[in-house]
DNA sequence: TCTCCGTGTGCAATCGATTCCAAAACAGAA
DNA sequence: TTCTGTTTTGGAATCGATTGCACACGGAGA
């Protein structure tokens, strides 16, 4: 057998036929003798023929591949999103090219460049924390190239976004704490560059106001790093310094909530009796903690799946990005667990 | 501007030159007038020219893309591996196509088929739990196609593997429990289809024997599902039924360890005073549990990075798979935490 | 004036598959 | 035997970029 893959030409040579005949025979075109078809398929099988998708891509100017640009893979939420993307893309016959920006703008830009060079049919993006300027996206969007953003929605007019209702999720979490009788609710907030952080903070504020509690700026703590240590220290300091001790924490992510939990335990406070804690994202480990951590569950898999469906529909012209709904907002679900249930 | 990407032809038309001149000018070939080069590059810039990687792939029979076949993305360990793969591949100018088998053999087979169709240059594989027969891999391996297996090493002679030293990791974990004075050590074992499960069990047995403790078959519990519930039930039952209560658990994974932890707590046993627990993998949440869970840390990122380096070296002929070392075994590291430290 | 040589370009084949158009091959009818 | 129509097959262009080879042009030397 020849080195490398057998091509349509090898079959043609073997049978003394032209390549066009082989091509048609393999695809069951009408007007090819059925005996010829049989022989062609037989030889194709024998030579272990496999169509060259690259050649097809070149001819059709379609690669049946979509790109995914994500801040980092090692992140429970994002990994569920990827899983959803992969699932739908695969079932519809598309490949998935993955690239992580590691929250770096420069890598985000080079990623989209190489992906475009590779003639991908469309791209799914969750942009990095560093990204404040979206020119690298608008430039290609303006050329009519399909992009769907997920989780983190950019400030680009007419961009298609799939996200969760961060505002409502945060509202629900805060309202839940209030309903459990907590009064001094502290919010551990995320970086202001991300719309999701702002939305969560706003949901928190709205829930307070709706329940007649005025927002205390000293109760909103910025945790830009998002590490356990950071929030643990912040909360420890807070417990020491505030005149009136906070009796609950709503963190914009689960990691922060764990830090708060540790700081409270360090301070000898009982959870949920003396302090209530709620996180955001509902990472796998929430149910494994003691006490189990309440958290706002985000449908990561669904988000990936929906975003991919929309992207593929745009690629296949089943949807027109100009006339369609710009944003798809998925519902969150508050998982009430022991860390915040007093009753 | 024309719809779609500008090609070399567009530049040629614009400047009334032939495509060959453009090609050479863009690549700074000698024998092209420098004034021409300047103009070509200027127009390329103006038209936002981007070379078509597909066309290049077809011509060179090289796609600069590698495939990754993995059981599931939503798995802390695997996501760290992916991160390592992505890092190296990217830095060496390769794309990464991702496909998850969801532990299904059929999907594994179809994945490798489409990847081959897409002319990938090589593939990294961690096979599914269902896979008992490796024909779909040996067939392509025999044609000289580069495959590197990671984490789960198949029973294929001459296959290249990158894995962690599961035996030693398990040995260390068990020896650690013994050194802490635990005597009745139960092992929660994984599916026997995976070599890693067998290695870990053997490491456990060896550590016992080395320390003069005979292996009690009733102390080896199979947990094929790998869910918290499964191990929780198994352990609960065990605590009830065994004549002599086990005083420690070494689980082949962290999830199982959490289940054991819960069952022990349910039974009113104090950790680590009355029961010691050690897991395997050192997932992110281990340090967040209370008490913090001891676990055997696996270098996922390094594994992905090393496997990718080997694969790319083979692809680029810097390494010859026939003469090289077949297996690269990475060291594990026991993270001793509160769940198993009595002293 | 003719030849030689170097510089700068263009032509055309190539990679693998598809597809429009044309052309064989063959059948049956006149 | 010739013509017409159908069935089956082949030729060639195409997708975008690369590259070996040839060619055009100019000046220099004989």
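Residue numbers (the numbering used here), protein chains in the order written: chain A, 116 to 458; chain B, 116 to 458. Every residue gets a Cβ at the ideal spot worked out from N, C-alpha and C, and that includes glycine. Keep in mind it's a predicted model, so treat the numbers as computed, not measured.
Identification of residues in the region 255 to 268 of chain B having a C-beta nearer than 9 angstroms to some C-beta of chain A yields 258, 259, given in sequence order.
Of all alpha-carbon atoms in A/305, A/180, A/432, A/341, the one lying nearest the alpha-carbon of residue 236 of chain A is that of A/180. Contact check between the region 412 to 421 of chain A and the region 195 to 205 of chain A: three or more CB pairs, one atom from each, fall below 8 angstroms, which counts as touching.
Counting the other Cβ atoms within 10 Å of the Cβ of residue 312 of chain A gives 16 or more, which makes it buried.
When the alpha-carbon of residue 348 of chain B is set against those of B/158, B/388, B/271, B/381, the nearest one is in B/381. Annotation for residue 275 of chain B: the continuous beta strand (DSSP E) segment containing it runs 275 to 279. For the C-beta of residue 195 of chain A, the chain B residues within less than 9 angstroms are, from N- to C-terminus, 188, 189. Every alpha helix (DSSP H) stretch that sits fully inside the region 217 to 269 of chain A and reaches 4 residues is listed by chain position as 220 to 232, 250 to 257. In this structure residue 209 of chain B is buried. Its beta-carbon is surrounded by 16 or more other beta-carbon atoms within 10 angstroms. Within chain B, the residues 188, 213, 214, 215 have their CB atoms less than 8 angstroms from the CB of residue 201 of chain A, given in chain order. At a cut-off of 7 angstroms between C-beta atoms, residue 234 of chain B counts as an interface residue with respect to chain A.
In this structure residue 218 of chain A is not in contact with residue 214 of chain B, their Cβ atoms being roughly 25 angstroms apart against a cut-off of 8 angstroms.
Where residue 385 of chain B is concerned, there is no enclosing beta strand (DSSP E), because DSSP gives it neither an H nor an E.
In this chain, the beta strand (DSSP E) harbouring residue 411 of chain B covers 409 to 412. Spanning the alpha carbons of residue 408 of chain A and residue 276 of chain A requires a straight line of approximately 29 angstroms. Here the alpha carbons of residue 365 of chain B and residue 304 of chain A stand approximately 38 angstroms from one another.
When secondary structure is reduced to three states using DSSP, residue 432 of chain A falls in the coil class, being assigned neither helix nor strand. For residue 449 of chain A, the pairing in a beta bridge is given by DSSP as A/411.
In the DSSP assignment, residue 365 of chain A falls within the unbroken beta strand (DSSP E) covering 363 to 366. Assigned with DSSP and collapsed to three states, residue 180 of chain B falls in strand. According to DSSP, residue pairing for residue 443 of chain B in a beta bridge involves B/277.
DSSP, reduced to helix, strand and coil, places residue 317 of chain A within a helical segment of the structure shown. In the structure shown, residue 299 of chain A adopts coil according to DSSP, grouped into three states.
Residue 393 of chain B places its beta carbon less than 7 angstroms from that of residue 288 of chain B. When only Cα atoms are considered, residue 243 of chain A and residue 220 of chain A end up about 6 angstroms apart. Under the DSSP definition of a beta bridge, residue 395 of chain A partners with A/411. Here the region 400 to 407 of chain B makes no contact with the region 432 to 440 of chain B; the two share fewer than three CB pairs at distances below 8 angstroms. The three-state secondary structure of residue 336 of chain A, taken from DSSP, is strand. For residue 165 of chain A, the nearest beta carbon of chain B is closer than 7 angstroms to its own beta carbon.
Annotation: Cβ neighbours of residue 231 of chain A in chain B (cutoff 7 angstroms, chain order): 165.
The contact set of residue 159 of chain B on chain A, defined by CB atoms closer than 9 angstroms, is empty, because the minimum CB distance reaches about 13 angstroms. Looking from the CA of residue 164 of chain A, the closest CA among A/184, A/138, A/174 belongs to A/138. The beta carbon of residue 290 of chain B sits closer than 6 angstroms to those of 322, all from its chain and outside the five residues before and after it, given in chain order. Scanning chain A for C-beta atoms nearer than 8 angstroms to the C-beta of residue 373 of chain B yields 403, reported in chain order. Of all residues in the region 317 to 349 of chain B, only 343 place a beta-carbon less than 8 angstroms from a beta-carbon of chain A.
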